[in-house]
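S.K.: Residues in the sequence shown are numbered from 0 upward in steps of one, following numbering that gives the first Met the number 0. Please see the structure below; I have some questions.
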Amino acid sequence: MEAYTDLLLHDMGPDLADICLGQATPSEFRTEPLMGLRFKTSFLHDGRASSIDEAIRLHAGEATQARHRFLALSDRQRATLLRFLGGL
């Protein structure tokens with residue numbers, strides 16, 4: 000089974016900055032493994048997103064380009080990706 004994570008600290012931008020753990024700045028978060036994602040009911044470090052789609056849309060900082068690529072997908076491509084992620 001694949002964990003789907005890089006386990007690195009990433010700058011998520013000022014809109015998600017609120018806690019500071021260890022040597023991280025308030026806007027830095029360690030990538031969580033996506034394994035078991037299908038069992039989650041809330042997303043992001045503080046649970047503010049109620050869906051995977053919403054969590055992706057809230058990403059900023061280093062993830063801004065990834066969010067833009069997600070939003071540039073067709074509806075069908077986005078649905079396929081979300082179905083894949085929802086099955087992890």
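By construction, the Cβ of each residue, glycine as well, lies at the ideal position given by its N, Cα and C atoms. Predicted model, so just to flag it, every value in this text is computed and none were measured.
Which same chain residues, not among the five before or five after S41, have their C-beta less than 8 Å away from its C-beta?
M.R.: Around S41: R47, A48 and S49.
S.K.: Would you tell me roughly how many angstroms separate the C-alpha atoms of S73 and G86, rounded to the nearest one?
M.R.: Using only the alpha carbons, I get a separation of about 20 Å.
S.K.: Just the Cα atoms here: how many angstroms apart are E111 and D5?
M.R.: Here the chain covers residues 0 to 87 and nothing more, so residue 111 does not appear.
S.K.: What does DSSP give as the partner residues of F42 in its beta bridges?
M.R.: Beta-bridge pairing links F42 to A48.
S.K.: Please classify H67 as buried or exposed, where buried requires at least 16 neighbouring CB atoms within 10 angstroms.
M.R.: Result: exposed.
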